[in-house]
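Every letter in the sequence shown is one number past the one before it in our numbering, and letter 255, counting from 1, is 261.
Positions of the beta carbon are idealized from the N, C-alpha and C atoms, including for glycine.
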Amino acid sequence: MIYHGDIFYCKDLTDFIAIKDGYIIVDAENRIVDVCSAIPERYEREPVRDHNNKLIIPAFCDIHLHSSQLVNTGLGYDFPFEEWLIKYTNPAERQYADLAKAEAINKRLINQLWYYGSMHSVIMGSTDALSALNLMKHYDKSGMRAYIGKMNADVAAFGDQAEDSERSVEETRLLAEEAKKLSDSVFCCVSPEFVPNCSDRLLMRLGELAVEYSLPVQSHLSEGEADVQAVKDRYPELSYSQVYLKYQLFGQTSTVMAHAIYTSKEERTLIKERNVTVAHCPIALSNIPSGKTMPLREFLEDGVNIGLGSDIGGGHTLNMMRVIEQTVHYSKFQQFIDGSKPLSILEAFALATLGGGKVFGEVGSFQPRYHFDALVIDDEELSPEAAGYDIKERVERFLYEGNAGLIQERYCHGKKVDKPFPDIIPK
Ligand code: FE
7 MIYHGDIFYC
17 KDLTDFIAIK
27 DGYIIVDAEN
37 RIVDVCSAIP
47 ERYEREPVRD
57 HNNKLIIPAF
67 CDIHLHSSQL
77 VNTGLGYDFP
87 FEEWLIKYTN
97 PAERQYADLA
107 KAEAINKRLI
117 NQLWYYGSMH
127 SVIMGSTDAL
137 SALNLMKHYD
147 KSGMRAYIGK
157 MNADVAAFGD
167 QAEDSERSVE
177 ETRLLAEEAK
187 KLSDSVFCCV
197 SPEFVPNCSD
207 RLLMRLGELA
217 VEYSLPVQSH
227 LSEGEADVQA
237 VKDRYPELSY
247 SQVYLKYQLF
257 GQTSTVMAHA
267 IYTSKEERTL
277 IKERNVTVAH
287 CPIALSNIPS
297 GKTMPLREFL
307 EDGVNIGLGS
317 DIGGGHTLNM
327 MRVIEQTVHY
337 SKFQQFIDGS
347 KPLSILEAFA
357 LATLGGGKVF
367 GEVGSFQPRY
377 HFDALVIDDE
387 ELSPEAAGYD
397 IKERVERFLY
407 EGNAGLIQER
417 YCHGKKVDKP
427 FPDIIPK
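Written out as structure tokens, the structure reads:
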């Protein structure tokens, strides 16, 4: 299949490709063969899907969010972290253990991620395994792709919930087995909440499980002063990252760590060496400030791979365009703290596509061998032809001022994805 339109994508944080009236050539395995301004002779018989004058960009990747929190986004941000956790987060997690409620939340979540153009997501559930399994099964039919985990937490150092250690491991194993019965669009993700809320034994068993089943891992790293101190007290000899590494939860398999705010240069080197991706979640960090800001530019200069996350319910929206915009705003304020260069809107776009996509393999770009994951955008109302904007300017306007209603078509691994649950509103 060949897709025709006004193409924009990133090769890396500084290399952006824009082709007016371009063609994306996709092979039978739904991988990109070439992007060009004229169809090469050998592909002349291939069918062309025409998106004349429409933008075609890589789909977004939302690599950190909590499914159980969809019901309380926007609530309680006037409280400090711990109070917010107990007043809002934990009750929502308990509610998610009611399977009928979880099913309704899961369907709405999938619809919203679809609406906002996030074709790949990394999702942490609650400690309840059946609600995570329910999400996996619905995701499997949606046409989109995700790493999904039940959260593991057997210590209530923060919040008021703790599960039985053995049960936590066995339920995760069960999810890994169940995921094998589904298509390869859904993976079980090992999901320790964070070090303070997991015993040594649980961390050890989860790492063993991740390696045994080759499961991706997601967790939180150095989110706030309190969890950093708790880890220091428990492991005076190790850095936060080294604790995860010790238990095989740090790059032994594809790994995403959210936040990583209180992270030294040595730790950043380890993150890079271990090929761990950091999920930067600027909206959540603004709603529930952690005591320090994220020096994102330093991470990038040190070569750490960064993706973006909505982090609902710390974040209040799944809209990745808002997350991209807030990444820029956050970095503009950060420059007054450490003198760092703010991110451009296109750099932030690169993090939301290429950066997050790396967690899934060849995802988030239109380079050869990448999977064709794309959004087709009708931006005529924002950037009418007569205005004379180039493609880069049109993308900028879409990211700042556009909305998901302008997304006409969504593709995941070469397949057009329609609204997963058409009967459910909103979105
Ligand atoms: Fe989180």
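(1) Cutting at 6 Å between CB atoms, please list the residues of its own chain near E109, excluding the five before and the five after it.
(2) Is the beta carbon of K17 closer than 8 Å to that of Q248?
(3) Using the rule of at least 16 other Cβ atoms within 10 Å of the residue's Cβ for burial, across every protein chain shown, is I343 buried or exposed?
(4) Specify whether the region 177-187 and the region 226-234 touch according to this definition: at least 3 beta carbon pairs, one from each stretch, less than 8 Å apart.
(5) Measuring from the CB of A264, is there a heavy atom of the ligand FE at a distance below 7 Å?
(6) Hey, G313 and A285 are a contact pair by Cβ (cut 8 Å); roughly how many whole angstroms apart?
(7) Closest by CA to L19, which one among L357, S389, K421?
(8) Comparing alpha-carbon positions, which option in Y83, T133, L76 lies nearest N112?
(9) Can you tell me whether N409 is buried or exposed, with buried defined as 16 or more other CB within 10 angstroms of its CB?
(10) Is G11 near C418, with beta carbons less than 8 Å apart?
(11) Please find out if some non-hydrogen atom of the ligand FE comes closer than 7 Å to the beta-carbon of G230.
(12) Go ahead and label D424 buried or exposed: buried means 16 or more other beta carbons lie within 10 angstroms of its beta carbon, across all protein chains shown.
(13) What span of residues does the alpha helix (DSSP H) with Y336 cover, start to end?
(14) From S337 to K278, what does the alpha carbon distance come to, in whole angstroms?
(15) Secondary structure at A24, three-state DSSP: helix, strand or coil?
(16) Indicate the three-state DSSP secondary structure (helix, strand or coil) for S197 in the structure shown.
(17) In chain order, what residues of the same chain lie with their CB nearer than 6 Å to the CB of N201, ignoring the 5 residues before and after it?
(18) By the 10 Å Cβ neighbour count, where 16 or more other Cβ atoms means buried, how is G361 classified, buried or exposed?
(19) Does the region 65-80 come close enough to the region 24-36 to have 3 or more Cβ pairs within less than 8 Å?
(20) Please state if the CB of K156 and the CB of Y197 are separated by a distance shorter than 8 Å.
(21) Got a sec, what are the start and stop residues for the alpha helix (DSSP H) N140 sits in?
(22) Give the straight-line distance between the Cα atoms of P288 and R48, rounded to the nearest whole angstrom.
(23) I want to check one thing, is the minimum distance from the CB of H226 to the heavy atoms of the ligand FE below 7 Å?
(24) What is the rounded straight-line gap between the Cα of S371 and the Cα of K271?
(25) Using only CA atoms, which one of N203, A152, P301 lies nearest to S171?
(26) Where do the ends of the beta strand (DSSP E) carrying M130 lie?
(27) Is any beta-carbon of chain D found at less than 8 Å from that of V41?
(28) Tell me whether the beta-carbon of E273 lies closer than 8 Å to the beta-carbon of S245.
(29) Are there 16 or more other CB atoms within 10 angstroms of the CB of K422, so buried, or fewer, so exposed?
(30) Please state whether the Cβ-Cβ distance between S205 and D160 is less than 8 Å.
(31) Residues bridged to K298 by DSSP?
(32) For the 8 Å Cβ check, are there 3 or more pairs between the region 324-336 and the region 389-407?
(33) Leaving out five residues on either side along the sequence, give the residues of the same chain with a beta carbon under 7 Å from the beta carbon of L91.
(34) Cβ atoms of I25 and I38: under 8 Å apart, would you say?
(35) Where does D429 land, buried or exposed, given buried means 16+ other C-beta within 10 angstroms?
(36) Classify M157 as helix, strand or coil using the three-state DSSP reduction.
Walking through what the data contain:
(1) Result list for E109: N140, in chain order.
(2) Taking 8 Å as the Cβ cut-off, Q248 and K17 do not qualify as a contacting pair.
(3) Around the beta carbon of I343, a 10 Å sphere encloses fewer than 16 other beta carbons of the protein chains shown; the residue is thus reported as exposed.
(4) The answer is no - the region 226-234 does not touch the region 177-187, with fewer than three Cβ pairs under 8 Å.
(5) At least one heavy atom of the ligand FE is nearer than 7 Å to the Cβ of A264, so yes.
(6) The Cβ separation is near 6 Å, so the contact holds.
(7) When only C-alpha atoms are compared, the closest one is L357.
(8) Between N112 and the set Y83, T133, L76, the nearest pair of CA atoms involves L76.
(9) N409 is exposed by the Cβ-count criterion.
(10) No. Outside cutoff.
(11) No, the Cβ of G230 stays beyond 7 Å of every heavy atom of the ligand FE.
(12) Exposed, since its Cβ has fewer than 16 Cβ neighbours within 10 Å.
(13) Start and end: 326-344.
(14) Cα to Cα, S337 sits roughly 21 Å from K278.
(15) A24 carries a strand assignment under DSSP once its states are collapsed to helix, strand and coil.
(16) Strand, per DSSP.
(17) Note on residue identity: the sequence assigns Val, not Asn, to residue 201. Excluding sequence neighbours, V201 sits near V237, V249.
(18) Under the 10 Å beta carbon count, G361 is surrounded by 16 or more other beta carbons and is classified as buried.
(19) Cβ pair count under 8 Å is below three, so no.
(20) Note on residue identity: the sequence assigns Ser, not Tyr, to residue 197. Closer than 8 Å, so yes.
(21) 135-148 is the span of the alpha helix (DSSP H), which, as asked, contains N140.
(22) As the crow flies, the alpha-carbon of P288 is around 46 Å from that of R48.
(23) Result yes, Cβ under 7 Å from the ligand FE.
(24) Spanning the alpha carbons of S371 and K271 requires a straight line of approximately 29 Å.
(25) Checked all of N203, A152, P301; the closest Cα to S171 is N203.
(26) For M130, the uninterrupted beta strand (DSSP E) run begins and ends at 124-130, by DSSP.
(27) Any reference to chain D falls outside this structure, which holds one protein chain only.
(28) Against a cut-off of 8 Å, the Cβ pair of S245 and E273 comes out as a contact.
(29) Burial call: exposed.
(30) Yes, Cβ-Cβ distance for S205 and D160 is below 8 Å.
(31) Residue pairing by DSSP places K298 opposite no residue, since no beta bridge is assigned to it.
(32) At 8 Å Cβ cutoff, the stretches touch.
(33) These residues qualify, in order along the chain: F164, G165.
(34) Contact: no.
(35) Its Cβ having fewer than 16 others within 10 Å, D429 is exposed.
(36) In this structure, M157 counts as strand in the three-state DSSP scheme.
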